[in-house]
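Trainee: Residue numbers (my numbering), protein chains in the order written: chain A, 2 to 407; chain B, 798 to 1383; chain C, 8 to 329. Yeah, the Cβ is synthetic: ideal placement off N, Cα and C, and Gly gets one too. Everything numeric in this text was worked out from a predicted model, so none of it was measured. To start, I am sharing the structure in question, which I have written as structure tokens.
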């Protein structure tokens, strides 16, 4: 947030070429990824690495405690989870050490500064601008931590999220139950962690659907123009003029009665109602790109439309789509929670954040922890995605600003 | 700091005037005539929190609980109901009544001193008109089935202004019959004679209803509140005149909001308080008194004795309307045998369910009790306490099943027979946390004896639809108890009873039901009902779980609060507040 | 300008038609209909047939569609099926409440958002700027219903400063003087308004800040500074005016967002508005009411955008409408 606006451009990068506290301190990073960064003065990166590492250590500790649940957890949906966790537990430390070694090898100098400014790709430029934006980087690390937490969930949760009778009824947070228990004596911490998986998955999948759809519609609309454009933009305006939550309510409310599979239904419907913003952005990008020389040239060469769209136009519109996507994941998580509130979310007992808050609503006065912890996680996740999205936006195109939508 | 200088004064003016205008919209100044200020009772206001608004004030078309709560206070009933172990009818609008010898006709005499709030007298013709509305298919009254028990042309037979006769096609249990006819509030003929019957629910009558009860409608802002005031044109017995200044039903859809409003004192009465909240309120709010309503709600597991697939297949070939011959349908391989159902009942720990779900953690008070049938324990003499409950005994359950050939042959922990595992799906409706938890406890109990029960939560409407279509193996569901005995809809094997989800068919039970409903002697009827419960319990068509109680919280300043199983707000005219505790002076 | 307004209004006709058709298709695709609630298993079939005929539900879908469109063209919105009341009457009762809440919230969020954003931009990177940034991001990321419950808990239950719910005091409102009544209404609006508007205000603050920072770099602002104008004058006269222009368009863009939020806020605060009407209508599959609600929503959103455009025109004389 701090680096937003055009002024970020004028800042001098805050890298520390001298190499930190003592010469060679960056090599400490080989022992413990992140420590090298911190000693070299890159506090933010260092803490990010350290917290990711911490989560991994936590998972190992949890595994050693025998938390790891390799049995299918009552519902077939959970059966594949331990393998994802194991994979993540092997992959992520490798990744951390690789980055730490790379950092050490760079010799404390920021090699990115040495490269000449011209001749670098659009993506390199974006990366450079992004890493200068502390808030954005922070958001990035938070998102990574969230994703890692969601991946290794079975290793750190001491209880099965669906299992009842694991503790006292409505007992307050404590060491045995980090976030307390609910009226079914389920462990809220385990539920919130598994909820992270489902809520994040809903966010990612729904936004992928809407980003793909929006890009396709926007590109087609912008490229072909004329009647196609008018028709598609008419649909876009139409959907934009309806309150999204009410539209979702209508669709899900009508189709729930038909007995449709709800998790699937909700993800698809969220995806199908979120593409309008992307479509508009991509359309305007395509409209301006269409006039540029290289597209005109490619056209002149008789390139087939399909190739022109897929190879030249769409790749050049991706930057704003990515920005929009990272902001939309946050709002999708919020909308999913609102649907749960109205009783139209993912059906119980599957935990999602929205679901847990909804379950705890009746106990707001007698057991605040049921609503407050998952609610806090929603805020935390949405904030992380918004920080990341803002950072990406400033990096990708300092001149475009959106309000972020709702 | 920088202000709002961007806008020209013109715009600012516009903004503010719009704002003010909007805020003023709906401010209706009301000259409240303090009609009853010098009365023997100090007047106070009772605020009741309700989950949903009423839809209509016309009893003929009313459907929701909110509707009947309001309507019952606006209208003087034909007979008053009182519940103390059994439902009793007391004289109200009907001064007296008499049953004929054959038990088919009631002749009734009405009071002549009850007037509509516009001064017109309430007569027998109003009652006949009300029944005429119920009968009219254009009205689509949910009570249309009552009519079919009455002789056409005499629904009822009006003799003069104060005398009428009800003629029934069959002799029937008098209590049931009386409560049916007095459940309906009377509609004023002189007002509604010309009303459009196709849109009665939305008739303007709702805005300014002409009533004949103890209360009148003071104000109804839809979705917000309904205000009742004492009916100043009340001409009936003076001792029944209300002692409160007004009653306000506040519509607050969200439970957490209702509860917080109660704690804050914005609301004086809240129904269906959660047990955990009741515990906390007891500690923090000594000025709130908790009442129990009585055993109203039952949870049970219905076992489908038929094979759902076969039932569907047979049903498909049959045109709608005509009924399938159930005898020809394949039995369910698990629940077709009563001995299996009995064994399963022994593996369900009802006491644990009650302990976990329906017991206060502070006081240990139990808000649930084990059930042995669909007749509520509130009907003390009818409810059969002598039925020996099947004990919770998993070992015995396992033995029983082994005798029937269900043993774990392949060593996977699940019983099997002829290579088929003992596995079934227990269906329950979503959005009911209590049942969700009960289903999980039951699942764990069955697992112990090697029965694999899978839980499926289904959206409520679909759930009931599937129950009705008998499209399930086992279902965890519930009933709200009737306060008169009428087991026909649930247990009679006749084809017209669609609530007999489990296709229960026992000729002895059928006969008992038919005879019991016609039995004029209450003592004999009680014996029959007790026998009926024992018979049904033997067959275990359901696994009967528990009866549940409901907590109603009321502020302690109200005196003579009489919360009964019929309704928490049945006797509001008796409530009063001592002078030094009056909260709302105006 | 009249031409512009007319053109915009004409363009809403295909939009409305699209919305109505979309909703109609959705309702038709879903199983069951609004008359289900009238029936019990014992309802005789002839009563069912009569009710279906009464509401025209026995007709083929095409006929129902055409009939609905012609009715709408003649301004006939029909009856709510479960309530048997004119749709117009139901919306008439609830719409003013929603508009009251939305408009007050809208002004609140615009005002607060703009002020906060400006105060941040004036002292970029100060501690104030940082704190407001973090706090507004925090609120921006909060689920509306959760915020609403927390607000009630804090301000109404713990601090006992504000009423818990409702539009007016249930008991005393009728006995108040007009000024007291106005005050009563305002007090009841604070919590729902805050729950509904805080997220939006945070968004506006972020937008204003960025917009302001961009404008400050423009040549005319530098010129003004170079001429030696006081900082205050520079900010208010030159920068602010131009920075606020794009924000006016947000006026209209925020409306659908507010209506979404009002569904939840009205439920929690027991506010009798459109949000609850439409949720009930959807659950009861009350086609005429659903269609009328969406019709009204669309009109409001289009109208809001139009007003925003016109305001834009008033404030910025450079813009010519086509």
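(1) Kindly indicate if chain B contains any beta-carbon less than 8 Å away from that of residue 94 of chain C.
(2) Measure the C-alpha to C-alpha separation of residue 1107 of chain B and residue 1333 of chain B and round it to an integer number of angstroms.
(3) Just to check my reading of the structure: residue 1281 of chain B and residue 976 of chain B have Cβ atoms closer than 8 Å, yes? What is that Cβ distance to the nearest angstrom?
(4) Could you work out which residues of chain C lie near residue 387 of chain A, taking near to mean beta carbons separated by less than 7 Å?
(5) In the DSSP assignment, find the unbroken beta strand (DSSP E) run with residue 847 of chain B in it and report its ends.
(6) From residue 1123 of chain B to residue 1267 of chain B, what distance separates their C-alpha atoms?
(7) Is any beta-carbon of chain C found at less than 8 Å from that of residue 1189 of chain B?
(8) Identify whether residue 389 of chain A lies in helix, strand or coil by the three-state DSSP scheme.
(9) Do the stretch 1336 to 1355 of chain B and the stretch 1164 to 1182 of chain B make contact, defined as three or more Cβ pairs closer than 8 Å?
(10) Where do the N-terminal and C-terminal ends of the beta strand (DSSP E) with residue 1224 of chain B fall, by residue?
(11) Can you find a C-beta in chain A that's less than 8 Å from the C-beta of residue 1087 of chain B?
(12) With respect to the beta strand (DSSP E) encompassing residue 905 of chain B, which residues constitute its N-terminal and C-terminal limits?
(13) I need the DSSP call for residue 202 of chain C, collapsed to helix, strand or coil.
(14) I want to verify the contact list: residues of chain A whose CB lies under 7 Å from the CB of residue 285 of chain C, in sequence order.
(15) Using a Cβ cut-off of 8 Å, which residues of the stretch 1226 to 1239 of chain B contact any Cβ in chain A, in chain order?
(16) Look at the alpha carbon of residue 1079 of chain B and the alpha carbon of residue 208 of chain A, and state the distance between them as a whole number of angstroms.
(17) Who does residue 918 of chain B pair with in a DSSP beta bridge?
(18) Less than 8 Å between the beta carbons of residue 346 of chain A and residue 356 of chain A, yes or no?
(19) Would you say residue 347 of chain A lies against chain C (beta-carbon separation less than 8 Å)?
(20) For the candidate residues B:1186, B:1141, B:1012, B:1051, whose alpha-carbon lies nearest to that of residue 1367 of chain B?
(21) Who are the neighbours of residue 360 of chain A on chain B, taking C-beta pairs under 9 Å?
(22) Going by DSSP, what residue range makes up the beta strand (DSSP E) through residue 1271 of chain B?
(23) With 16 as the cutoff for other CB atoms within 10 Å, does residue 832 of chain B come out buried or exposed?
(24) Would you mind stating whether residue 305 of chain C and residue 243 of chain A have Cβ atoms separated by less than 8 Å?
(25) Near residue 286 of chain C, what residues of its chain come up, given a Cβ to Cβ distance below 8 Å and the 5 sequence neighbours on each side ignored?
(26) How would you call residue 265 of chain A, buried or exposed, if buried means at least 16 neighbouring beta carbons within 10 angstroms?
(27) Looking at the C-beta of residue 235 of chain C, does it have a partner C-beta in chain B at a distance below 8 Å?
(28) Given that residue 1061 of chain B touches chain A, what residues does it touch there, using C-beta distances under 7 Å?
(29) By a C-beta neighbour count over all protein chains shown, 10 Å radius and 16 as the cutoff for buried, is residue 302 of chain A buried or exposed?
(30) Please report the residue range of the beta strand (DSSP E) in which residue 133 of chain A lies.
(31) If contact means a Cβ-Cβ distance below 7 Å, which residues of the stretch 1066 to 1083 of chain B contact chain A?
(32) For the stretch 94 to 145 of chain C, which segments carrying the alpha helix (DSSP H) assignment without a break, of at least 4 residues, lie completely within its bounds, in sequence order?
(33) Check whether chain C comes within 8 Å of residue 1267 of chain B, counting only Cβ atoms and requiring the distance to be less than that.
(34) From the DSSP output, which residues share a beta bridge with residue 1217 of chain B?
(35) From the beta carbon of residue 1140 of chain B, is the nearest beta carbon of chain A less than 8 Å away?
(36) Can you tell me whether residue 1177 of chain B is buried or exposed, with buried defined as 16 or more other CB within 10 angstroms of its CB?
Mentor: Per the coordinate set shown:
(1) no
(2) 25 Å
(3) 6 Å
(4) 144, 147, 148
(5) 842 to 847
(6) 11 Å
(7) no
(8) helix
(9) yes
(10) 1220 to 1226
(11) no
(12) 902 to 907
(13) helix
(14) 247
(15) 1227, 1228, 1230, 1233, 1234, 1237, 1238
(16) 48 Å
(17) B:912
(18) yes
(19) no
(20) B:1012
(21) 1230
(22) 1271 to 1277
(23) Confidence in residue 832 of chain B is poor, its pLDDT being 42 and thus under 50, which makes the residue's placement unreliable; the coordinate value appears in the next sentence. By the neighbour-count rule (16 or more Cβ atoms within 10 Å), residue 832 of chain B is not buried but exposed.
(24) yes
(25) 270, 274
(26) exposed
(27) no
(28) By Cβ distance, chain A contributes nothing, its closest Cβ being about 11 Å from residue 1061 of chain B, past 7 Å.
(29) exposed
(30) Segment 123 to 133 is the alpha helix (DSSP H) holding residue 133 of chain A; no beta strand (DSSP E) there.
(31) 1071, 1073, 1074, 1077
(32) 94 to 129
(33) no
(34) B:1214
(35) no
(36) exposed
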